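If you're matching positions, the sequence shown starts at 22 in this note's numbering and goes up one per residue. Beta carbons: idealized from backbone N, C-alpha and C, even for Gly. Please read these numbers as outputs of a predicted model, since none were measured by experiment. A short write-up of the structure that comes next.
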Amino acid sequence: MFNTKSIGMQSMSGSTMKHTRDIKENLIRAGIATKGVVYCLAGILTTLSAFNLGGEKADTKDSIKFLAGQPYGYILLGLIAIGLLGYSFWRLYQAIKDPESNDRSGKRMITRVGYAISGLFYTSLCYYTIRIIINGNTSDSGSSQQGMVAKALEVPAGKWIVILAAIVFFGKAIHQFYKAYTEKFAKKVKDGALSARAKEIFRTAGKIGYAARGVVICIISYFLFRAAIEANPQEAGGSGEALSFIENQAPFGSVLLVIVALGLVAYGVYMFVKAKYRDLSAV
22 MFNTKSIGMQ SMSGSTMKHT RDIKENLIRA GIATKGVVYC LAGILTTLSA FNLGGEKADT
82 KDSIKFLAGQ PYGYILLGLI AIGLLGYSFW RLYQAIKDPE SNDRSGKRMI TRVGYAISGL
142 FYTSLCYYTI RIIINGNTSD SGSSQQGMVA KALEVPAGKW IVILAAIVFF GKAIHQFYKA
202 YTEKFAKKVK DGALSARAKE IFRTAGKIGY AARGVVICII SYFLFRAAIE ANPQEAGGSG
262 EALSFIENQA PFGSVLLVIV ALGLVAYGVY MFVKAKYRDL SAV
């Protein structure tokens, strides 16, 4: 005889697992899209700044602060916080479970460490967003990068720790350029449902976006190296400072600033498409 009770339990278990998987997938897709929103805002605000139309040379935190000042800003921030939580979950899940690879080589472990760092960064950004919602205060007590570098320089061999961080950031910048050149960013995106024109836009946006990120991260690496050599945490800086550096120090700085800023917008557009078509079958 069939054990109808056992079959029923298995059916319920399968249904629960599917429901849990759907929740995880939706949370991850929302997270990827939220990252796109943050980058689009940063790029748009920076572009407006370059043309003296308001705005500012913005990093991720500046994008969130901008939303806080808009009508229904705190509702928007609530949605952003949920999305950032989703993206943090995805990165930390990749770091811990590594669901898309059975590779246990040293190279893969470096990739997983990168996922963990990304997850922790977006966790801190989610916390920052929630703090604004609760406290209603968008002011900062200074550059978080400078604060971390200052603490690092206080410990023995702190200079070398900061230099190591600079090397890591430089490696990440090179990896961004590599992904832009090889189009590896499209590897896990199921873009078969896109028209030929939409696929071309998606790939172009990805290439431009990753190249722009590479430029910004490379400058952050330079800041860290300079802070270590001069033993001065004030030399460190994040994305906002990197964009200011492009405008003020590079030849044709204003033109280059607009190009990089539009590249950040392109990266945001790429993330929107990725949010919809990213293969999450391994989740």
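To the nearest angstrom, report how far apart residue i and residue j are at their CA atoms.
i	j	result
S302	F142	25 Å
S275	A248	25 Å
V294	T41	24 Å
G258	I241	6 Å
G261	K82	9 Å
D300	K200	18 Å
I117	F72	44 Å
V279	Q270	14 Å
Y321	I188	This structure cannot speak to residue 321, because the chain is shown only from 22 to 304.
R125	R133	10 Å
G127	G90	45 Å
Taking its Cβ as the centre, do 16 or more other Cβ atoms sit within 10 Å of residue i, making it buried, or is it exposed?
i	result
W111	buried
M292	buried
Y95	exposed
L74	exposed
T37	exposed
I155	exposed
F87	buried
R50	buried
D43	exposed
Could you round the C-beta distance between residue i and residue j to whole angstroms and report it? I think they count as a contact, below 8 Å.
i	j	result
Q12	Y148	With the chain running from 22 to 304 in the structure shown, residue 12 is simply not present.
Y93	K211	Going by Cβ atoms, the distance from Y93 to K211 rounds to 34 Å, so no, they are not a contact pair.
G140	S109	5 Å
Can you list, in chain order, the residues of its chain whose CB lies under 7 Å from that of residue i, leaving out five sequence neighbours each side?
i	result
I238	F190, K193, A194 and Q197
R129	S122
V183	V170, A173, L174, L245, A248 and A249
Quick check on residue i: does DSSP put it in helix, strand or coil?
i	result
V294	helix
V286	helix
R125	coil
V210	strand
Sorted by chain position, which residues of the same chain lie with C-beta nearer than 8 Å to residue i's C-beta, five sequence neighbours on each side aside?
i	result
A207	F223, R224 and G227
G104	A51, G52, A54, T55, K56 and V58
Looking only at its chain, what residues have a beta carbon closer than 6 Å to the beta carbon of residue i, apart from the 5 residues adjacent to it on each side?
i	result
V290	A226
L285	Y60, A63, G64 and A233
K180	A249
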